[in-house]
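Quick note: the sequence shown uses the numbering used here, first residue 137, plus one each step.
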Amino acid sequence: MKKAFPWVLLAACLLYVLSGFRPPSGKDGVLASVGRLPVLQGGRVKPLDTVARNALMSLRGKQSVTSPAGRLEPVAWLLDQVADPGSADELKVFRIDDPDVLGLLGKRAERGRYWSLGELGGGLHELEAQAERAHRVEPAFQTRFEKAVVTLYDRIGIYFRLRRTLALAERGSSAAVIAELEAALKAGGKKGPAPKLMELAQRFGMLAEQSYFLPLLPAADEAPEAWTSVGAALLDAAGGAPLRPGVREYAALLDAHRGRDLAGVEAAARALAALAEARVPGAARKASREAFFNRLAPFSKGMALYVVVLLLASFSWLGWKPTLRDSAFWVLSLAFLLHTAGLLARMVLEGRPPVTNLYSSAVFVGWGGVLLALALERLFRLGIGSAVGAALGFCSLLIAHHLSMSGDTMEMMQAVLDSNFWLATHVITITIGYSSVFLAGALAHVYLFGRVLGRSDAPLRKALTQMTYGILCFALLFTFIGTVLGGIWADQSWGRFWGWDPKENGALLILLWVAIILHARRAGLVREKGLMVMAVFGNIVTALSWFGVNMLGIGLHSYGFMDQAALWLAVFTSSQVVVMALALLPEGRGPK
């Protein structure tokens, strides 16, 4: 039984991973075909599924929403938004955490954090007035309440823009609107456009201005980036231009969804897919691959596997040591392979190295930490490498999940960062340095908690010290190389090697702190316990360099203001101080 357990568990975890490769069928299969349709948003072509997922993440922090009929996937919710707005307005898609904003809307925080548009309707006028006042204040000087008001107001704007991107009519048949347009065109004569045509043109112009993404493909004689919105296509048609291909197909899709005609939705999706394959075959295939990546969800599955590893490694210290320890190692290896597959898939989809923004940096920091932890576990076989690797992998992917709430995680690169060479050298090496410092800090956690609880003996502490010291040496090498490479890139981009920018200062602090730890240990200034306390403080230094710069909102390396993360950074810093304080407690005696 003990010999078979690791392999049975590994097989079960592998089946869990492979379940994502099973193609959806029935209604789910039809919705998946709609989700694969390519659209243009944010400067890049992406599947409709990605647009819907990112929108839901921005609105409510989750990629699904619950309806009276059950759980709605992102594409189904988006189609309901357009085809059945009355029902969609009753779904709780807005997350509101600020109690003062809820009070402004006449709501009580005790009723929960998630609200529907229908529930908020009575307070929207006051919200708009407060948002207008808040927009007159510079973002850096806005109060917490003003920022929360602006955030909710912007989310409601996204909600309506999504609806108006594809909506030919607020109510009724979309095909009827096209027929109405054609009739109005025929009614026009020498005396000028018919009044109905003027009315329709005004409505189409509003839809064109408020489009959230561009679903209609470029014509054969247009540039590849000349996508357009349904509203703009209808406005052109009202001016006498031929109706752009794709408008009738989207109208048919929405009408079929409104009538719950699954076969009609499937036929319209096939027609749109065929049109995309004929006009933009490369973009269509890329969108299909990205939709599959979304459905596979490697990072979400990886988080689940990391939790399994952490439990196995923890229980291995209580009993069944070799069996559970080996099980933890092999499941961690599977989780690492899945993590790697997710990274590689993102690289292929973006055509970039693995780290391009804060989201991908969190994914990569965890990946690097797990890789090093696997090496430690292979060398020492104590279960500790598996435990800290799983904890680091899970926490980094959890951070990435919350960072994805800000929008597209494969966004277009800013001009100053648009260099695959430097992204593959400087950014990778400095991020591996982050991984190493965090791993050393995690090992120090194990040492300090084990010491207080009396769960570690002298050989185990010696092994932990060796692991931590070795990882810190590795961190020193990569942070030094990464910092030097960053200076060379800065010289090429801004004409100076070093300018005491906040991010540069943060990198230097990490480098100096790791060097101080190693010198203090070699010089005998600190022993095992002191080394561990200093390693934990390294977590604080690295977190400040990683996220603190964006919270400052200043400097050449600040690519996105993150005031909302200040609380969590403060919580993390406080937790590390508490862990450091464990060194002041007497050593535990442990179980007798």
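Even for Gly, the Cβ is constructed at its ideal location relative to N, Cα and C.
Given the structure is predicted, the values throughout are model-derived calculations rather than measurements.
Just the Cα atoms here: how many angstroms apart are residue i and residue j?
i: L508; j: L608; result: 12 angstroms
i: G242; j: D234; result: 13 angstroms
i: R517; j: F451; result: 15 angstroms
i: V285; j: G206; result: 30 angstroms
i: H562; j: G618; result: 5 angstroms
i: A419; j: L263; result: 40 angstroms
i: A464; j: L528; result: 14 angstroms
i: I314; j: T492; result: 43 angstroms
i: L645; j: V662; result: 20 angstroms
i: F557; j: Q177; result: 26 angstroms
i: A148; j: A523; result: 20 angstroms
i: E318; j: R299; result: 23 angstroms
i: L470; j: W363; result: 41 angstroms
i: L485; j: G660; result: 50 angstroms
i: S161; j: A320; result: 42 angstroms
i: E426; j: I652; result: 45 angstroms
i: V672; j: V175; result: 46 angstroms
i: A481; j: W503; result: 14 angstroms
i: L596; j: L667; result: 15 angstroms
i: K326; j: M334; result: Confidence in K326 is poor, its pLDDT being 49 and thus under 50, which makes the residue's placement too unreliable to answer from.
i: L512; j: P142; result: 20 angstroms
i: R307; j: S681; result: 51 angstroms
i: A701; j: G400; result: 45 angstroms
i: P360; j: R514; result: 50 angstroms
i: G631; j: V714; result: 43 angstroms
i: D593; j: A599; result: 10 angstroms
i: L260; j: E385; result: 34 angstroms
i: A95; j: A387; result: Only positions 137 to 728 of the chain appear in the structure, and residue 95 is not among them; the question remains open.
i: V677; j: G642; result: 8 angstroms
i: R591; j: L648; result: 33 angstroms
i: K283; j: F349; result: 25 angstroms
Contact defined as beta carbons within less than 8 angstroms: I believe residue i pairs with residue j. What is the distance between those atoms, to the nearest angstrom?
i: A412; j: L352; result: In fact, because the Cβ distance is near 10 angstroms, the residues do not count as touching under 8 angstroms.
i: A719; j: L584; result: 6 angstroms
i: L408; j: G382; result: 6 angstroms
i: S166; j: E402; result: This sequence places Val at residue 166; Ser is not what is there. Indeed, because the Cβ distance is near 5 angstroms, the residues count as touching under 8 angstroms.
i: A311; j: D391; result: 6 angstroms
i: G505; j: S532; result: 7 angstroms
i: A423; j: K182; result: 6 angstroms
i: V501; j: F616; result: About 18 angstroms separates the two Cβ atoms, so there is no contact after all.
i: E640; j: T601; result: That pair is no contact at about 32 angstroms.
i: A323; j: A330; result: 4 angstroms
i: A267; j: Y289; result: 4 angstroms
i: W466; j: G519; result: 13 angstroms between Cβ atoms; not a contact.
i: P489; j: L559; result: 4 angstroms
Excluding the 5 residues flanking residue i on each side, which residues of the same chain have their C-beta closer than 7 angstroms to its C-beta?
i: L526; result: Contrary to the premise, residue 526 reads as Ala rather than Leu in this sequence. Counting only Cβ-Cβ distances below 7 angstroms, and skipping sequence neighbours, we find Y442, V445, L446, A449 and L468.
i: S223; result: D216
i: R196; result: V229, F230, R231 and Y250
i: S203; result: L227
i: S540; result: M193 and Y495
i: V218; result: R299, L302, A303 and L390
i: I535; result: A498
i: L238; result: I232, R244 and A245
Identify, in the order they occur along the chain, each residue of the same chain with its Cβ nearer than 6 angstroms to the Cβ of residue i, setting aside the five sequence neighbours on each side.
i: A344; result: S365, G367, A368 and L371
i: R380; result: L352 and A369
i: S169; result: A405
i: E723; result: R587
i: V211; result: L167, V170, G171, D185 and A188
i: R415; result: L353
i: L192; result: Q199 and P210
i: M439; result: F530 and L533
i: V650; result: L608, A611 and L612
i: H475; result: G438 and W503
Which residues in the same chain have their Cβ closer than 8 angstroms to the Cβ of residue i, if we skip the five residues on either side of it in sequence?
i: L721; result: V588
i: G376; result: L321
i: A656; result: V662, G666, L667 and M670
i: K457; result: G519
At least three beta-carbon pairs within less than 8 angstroms, the segment 427-436 to the segment 155-170 | yes
Which parts of the segment 405-455 are runs of the beta strand (DSSP E), unbroken and 3 residues or longer, counting only runs that do not cross its ends?
-> none
Three or more C-beta pairs closer than 8 angstroms, one from the segment 597-615 and one from the segment 566-573: is that the case here?
-> yes
Secondary structure, alpha helix (DSSP H): runs of 4+ residues fully inside the segment 557-627 | 564-589
Jot down the residue ranges of each uninterrupted beta strand (DSSP E) in the segment 226-290, minimum 3 residues, whole runs only, in chain order.
-> 228-231 and 250-252
Which whole runs of the beta strand (DSSP E) in the segment 362-412 are 3 residues long or more, in chain order?
-> Within the segment 362-412, complete beta strand (DSSP E) segments of at least 3 residues are not found at all.
Whole alpha helix (DSSP H) runs in the segment 175-203 with 4 or more residues, listed along the chain?
-> 184-196
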